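Student:
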Amino acid sequence: MKMKELGFIMCFFLATGFMGCYYDKADIAYPAPPACDTTTVRLSVELNDIMKKSCFSCHGGAADLGAGIQLEDYATIKDYADFGLLISSLIQDGTTSAMPKDAAKLSDCDINKFKAWVNRGSPQN
Ligand code: HEC
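Reading the sequence shown from the start, the letters are residues -6 to 118 in the numbering used here.
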């Protein structure tokens, strides 16, 4: 390798290493997503919105595709939350059936809302 090429490569590493140009550009191109707000998580509002889109088609109302698990019923969702099945199905850790069934995993933010609600004792709020 010629000295000139070596010099060029060294400069490249120094520039990206010390100035972080590459990462700076990436920050501009991909701004950080808005922070996930889990300060207030109500079953009847925030979680209901998520479940209307992703769960009630099988687990709500007259739907009969969710193995009889009626998540619109507080006592039922509370039981699944207390036994840890609700979160393990959402994080898809392999100990329960992955939910939502046959669809993409919920976003990290949506999963964090469920976790926050469960950590506060799964209140009927
Ligand atoms: C397409 C229908 C469908 C959708 C949508 C769906 N489920 Fe399910 N769910 C099922 C079925 C069927 C079962 C029974 C287990 C199985 O067959 O995998 C189940 C089981 C479960 C269980 C029990 C898991 C276990 O292993 O005991 C939980 C908790 C659950 N679902 C929560 C959810 C949540 C929360 C959502 C929305 C994020 C959701 N499900 C979306 C069909 C669905």
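All residues carry an ideal CB built from backbone N, CA and C; glycine is no exception. The structure presented is a predicted model; accordingly, all values stated were derived computationally and were not measured.
Take C51 as the anchor and find which of K94, D86 and D30 has the nearest alpha-carbon.
Tutor: K94
Student: When you compare the region 39 to 49 with the region 75 to 87, are there three or more beta-carbon pairs, one atom per stretch, that lie closer than 8 angstroms?
Tutor: no
Student: Counting only the same chain and skipping the five closest in sequence on each side, list residues whose C-beta sits under 7 angstroms from that of A91.
Tutor: S82 and Q85
Student: Can at least three beta-carbon pairs, one atom from the region 29 to 39 and one from the region 98 to 116, be found at a separation below 8 angstroms?
Tutor: yes
Student: Are W110 and A68 touching if we call contact CB-CB under 9 angstroms?
Tutor: no
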